[in-house]
Each structure stands twice: as C-alpha cells, then as structure tokens.
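Asker:
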Amino acid sequence: NAGVTQTPKFHILKIGQSMTLQCTQDMNHNYMYWYRQDPGMGLKLIYYSVGAGITDKGEVPNGYNVSRSTTEDFPLRLELAAPSQTSVYFCATSRGDTYNEQFFGPGTRLTVL
Amino acid sequence: AQKVTQAQTEISVVEKEDVTLDCVYETRDTTYYLFWYKQPPSGELVFLIRRNSFDEQNEISGRYSWNFQKSTSSFNFTITASQVVDSAVYFCALRSYNTDKLIFGTGTRLQVFP
Chain U
45 NAGVTQTPKF
55 HILKIGQSMT
65 LQCTQDMNHN
75 YMYWYRQDPG
85 MGLKLIYYSV
95 GAGITDKGEV
105 PNGYNVSRST
115 TEDFPLRLEL
125 AAPSQTSVYF
135 CATSRGDTYN
145 EQFFGPGTRL
155 TVL
Chain W
564 AQKVTQAQTE
574 ISVVEKEDVT
584 LDCVYETRDT
594 TYYLFWYKQP
604 PSGELVFLIR
614 RNSFDEQNEI
624 SGRYSWNFQK
634 STSSFNFTIT
644 ASQVVDSAVY
654 FCALRSYNTD
664 KLIFGTGTRL
674 QVFP
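Read top to bottom, the protein sequences are chains U and W. Numbering of the first sequence is given in our numbering, commencing with residue 45 and proceeding in unit increments. Numbering of the second sequence is given in our numbering, commencing with residue 564 and proceeding in unit increments.
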C-alpha cells in the first residue's frame, strides 16, 4: 500500500498562475484534508472532505478550491497564485471513526514568485 | 475556543539525555482527543500517539512516554535516552469529539547532538 501520495513534490509557480496539487490515497479512508504549513508554524486546515461529493472549508480556504469526485482523490486547486501561498502543503486522510487520527502524505513544497 | 500551546520552540540535547516536550491545550469540551506527531527532516508527519480525555493513564512505548494530566490541561511527551534519530519537529494536536478538525500547536524542534 502506498498510503497517501502527493504530486508534485516541489513546484515553482509565477504570480497569477494556477495549478492543481494532487492527492491520492489507497487506504479506503472516507475523510481527506488539505493543510498548509508555513515556516515555524503548525499546520492550518484549508479544506476537508468527509466523503465523495462533500467538501467543507477549513481555517484558511481563501485562494483555494477543492473537489472530491472519488474516495481516492482530493485535488487542491490554486487560482491566481500569490506569494502568500508559498508554503508546504500536506494532504491527510482518516477513517472517520471515534479517534479519527490522521495520516499524512509527504507534502508538496510550493514557491510562488 | 480551542488552542494548543507548545511553548518550547527549540530544544537541544546531547545524545542519551532525557528530554520532555510540553503541550498545553485549551478546550471547553469534556470529550476530546489529543495527538502527537513527529516531523523528521524528510518532512512527512508521522503519527505517534492518541489519547482520549477519559483516559489519563500514562503510556510508554519503548523510549517514548506520555503524561496526560487533565488538571493542568497538559499532554507532555518524554523521550528517554535520546538518540540522533529523534531529531525532528514534534507537534501536539487537539480534536474535539464533535468535529473532524485537528488544531495543531506550533511545534517544538528537537535537536539531538552526538
């Protein structure tokens, strides 16, 4: 099992460009999440999904969009990238049970110049 | 409001020393869950432990131990006989029973020198 995979690992984006960060899981988890981690900070939740077709905003959703058409995939779209979106992006999944601990992908380091 | 505070930004120790990472949380809920994650230099986050608010038993796993005290709203993490491989950023996180969202602390960077 690959667990949670994210592509790309690194990317440099120009201001105003758009891109999609990919996240795929083979853990058959219902819940998926997108976080961003800024230097010296903890993780902030961008969007999450409790199942295919259902998404909801987290703490910092502005400038991002998500979709969840399948259980396995949860892409994060950046529209009109800004330097403030330079960050490391983590995708995570969880079963949605009582404890609901989250399992994380390896991250995507994104720089917007 | 929920909040997790990790007041220690960075800790440096020499190998074989014991080290304790502090985590203090705030919540008004009576049912909640606490977690620790490790982020090694490679960058991924590794789940270490979870605790629910009704279980104040301390837990030991090899060189790792966790001390959960509701009276002081703390969930501290101790590494005994630290090793260089323990060098990482450690995050404490909180989740209320009625939400799927994790609230993370800002992390403690642990550096273990040989």
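Where is the CB? At the ideal position from N, CA and C, for every residue including glycine.
In chain order, what residues of the segment 96 to 113 of chain U put their CB closer than 7 Å to some CB of chain W?
Answerer: Gly102
Asker: From the beta carbon of phenylalanine 610 of chain W, is the nearest beta carbon of chain U less than 7 Å away?
Answerer: yes
Asker: Give the single residue among U:Arg139, U:Ile56, U:Ser128 and U:Ala96 whose Cα lies nearest to the Cα of proline 105 of chain U.
Answerer: U:Ser128
Asker: Please report the distance separating the alpha-carbon of glycine 102 of chain U from that of glycine 95 of chain U.
Answerer: Taking the straight line from one Cα to the other gives about 15 Å.
Asker: Measuring CA to CA, which of U:Asp117, U:Tyr75, U:Gly86 and U:Arg80 is closest to glycine 107 of chain U?
Answerer: U:Arg80
Asker: What residues in the segment 74 to 86 of chain U have a beta carbon less than 9 Å from any beta carbon of chain W?
Answerer: Cβ contacts with chain W come from Tyr75, Tyr77, Tyr79, Gln81, Gly84, Met85 and Gly86.
Asker: Under 7 Å, Cβ to Cβ, is there at least one residue of chain W near leucine 157 of chain U?
Answerer: no
Asker: Tell me whether threonine 593 of chain W is buried or exposed, calling it buried when 16 or more other Cβ atoms sit within 10 Å of its Cβ.
Answerer: exposed
Asker: At the level of alpha carbons, what is the spacing between leucine 124 of chain U and aspartate 100 of chain U?
Answerer: So the two alpha carbons sit approximately 21 Å from each other.
Asker: Measure from the C-beta of arginine 614 of chain W to each C-beta in chain U and report whether the shortest distance is under 7 Å.
Answerer: Taking Cβ atoms only, chain U never reaches closer than 7 Å to arginine 614 of chain W, which makes this a no.
Asker: Using only alpha-carbon positions, find the residue among W:Thr671, W:Tyr653, W:Asn661 and W:Gln569 that is nearest to isoleucine 612 of chain W.
Answerer: W:Tyr653
Asker: For lysine 88 of chain U, which three-state DSSP category applies?
Answerer: strand
Asker: So, using beta-carbon positions, are serine 679 of chain W and tyrosine 595 of chain W closer together than 7 Å?
Answerer: Outside the displayed range of chain W (564 to 677) lies residue 679 of chain W, so it cannot be described from this structure.
Asker: Ends of the beta strand (DSSP E) at methionine 76 of chain U?
Answerer: 75 to 81
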